[in-house]
């Protein structure tokens, strides 16, 4: 993976969120909009997530060593997990304040300036989403994909905030804190999704469909009689694959080794798997 390009994507998000978060919190305060202020806090959580991704990417660049024979790629997953916890805490804070306003009927009429800022922010965030999604797909970076997913969520959150602000401006004052409530729910939902996906990777969970693809690719290699066992796990963005195949017991050691090389080459070139362990057994 091109770590430098991945870092660039994280920095784009950080700079954008820093500007939007500051603007939304400031305008939300002077324009009396809970929805825009909540959206600003949402962007603040995104700064935390992006910084965590950046730290994870920097650590993952470190080469393999005695204590880390598979490298440091999982630092990226751990950083995403920590970011999800912070996002969840802030999400609950937004929910609490929104519920308080609705319960005590403290809603005020916001200024249309808040709606204008929210609409502009939605457009900016959608552009950032497109940039990071394209970069994440190109680099196959799980952490950057999480950032891109969050970018899209933020664009939609801003749209929802704008709807609530406009509704409150035209007399439905409860719509502004209601929009803030929705923003809080989206923050919590995004945090949970990142937590769920990252937890799966850190506990060696793997996509069964991809496992099936790998198994069929190995079985198609000339000389392989059967795939006795196949296990895969993610180490950061790298797939680690252990496969046991059976071959004709009459084959020479040299030919068996050639089959192992062919399996490795097939999986590396067509499935981008860089760490493969092949074990060959005689077919009885």
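Residue numbers (UniProt numbering): 1 to 284. Just so it is clear, CB atoms sit at the ideal spot from N, CA and C, and this is done for glycine as well.
Where does residue 232 sit, in a helix, a strand or coil, going by DSSP? Residue numbering aside, residue 232 sits at position 232 when the chain shown is read from its first letter. Here residue 232 sits in strand by DSSP.
Give me the Cα-Cα distance between residue 112 and residue 269, rounded to the nearest whole angstrom. Numbered from 1 along the chain shown, position 112 holds the residue referred to as residue 112. Numbered from 1 along the chain shown, position 269 holds the residue referred to as residue 269. Roughly 55 Å separates the two Cα atoms.
What does DSSP give as the partner residues of residue 150 in its beta bridges? What you label residue 150 is simply residue 150 of the chain shown in a count that begins at 1. Paired residue(s): none; residue 150 is not in a bridge.
Give me the Cα-Cα distance between residue 195 and residue 82, rounded to the nearest whole angstrom. The residue you call residue 195 lines up with position 195 of the chain shown. The residue you call residue 82 lines up with position 82 of the chain shown. C-alpha separation (whole angstroms): 8 Å.
Let me check one thing: in DSSP terms, what residues is residue 276 bridge-paired to? Residue 276 sits at position 276 when you count from the first residue of the chain shown. 241, per the DSSP bridge assignment.
Under the three-state reduction of DSSP, which class applies to residue 226: helix, strand or coil? Translated into the one-based positions of the chain shown, residue 226 becomes position 226. Note: residue 226 maps to strand in three-state DSSP.
According to DSSP, what are the bridge partners of residue 281? In the chain shown, counting from the first residue as 1, residue 281 sits at position 281. 246.
Proximity to residue 229 [Cα-Cα], best of 99, 281, 179, 235: Within the chain shown, numbered from 1, the residue matching residue 229 stands at position 229. Closest by alpha carbon: 281.
When burial is assigned at 16 or more other CB atoms within 10 Å of the CB, is residue 129 buried or exposed? Taking the first residue of the chain shown as position 1, residue 129 is located at position 129. Buried, because 16 or more other Cβ atoms sit within 10 Å of the Cβ of residue 129.
Give a yes or no on whether the C-beta atoms belonging to residue 207 and residue 34 are separated by under 8 Å. If you number the chain shown from 1, residue 207 lands on position 207. If you number the chain shown from 1, residue 34 lands on position 34. Going by C-beta atoms, residue 207 is not nearer than 8 Å to residue 34.
Where does residue 67 sit, in a helix, a strand or coil, going by DSSP? Residue numbering aside, residue 67 sits at position 67 when the chain shown is read from its first letter. Note: residue 67 maps to coil in three-state DSSP.
In whole angstroms, give me the CA-to-CA distance for residue 76 and residue 57. Counted from its first residue, the chain shown places residue 76 at position 76. Counted from its first residue, the chain shown places residue 57 at position 57. Rounded to whole angstroms, residue 76 to residue 57 spans 6 Å at the Cα level.
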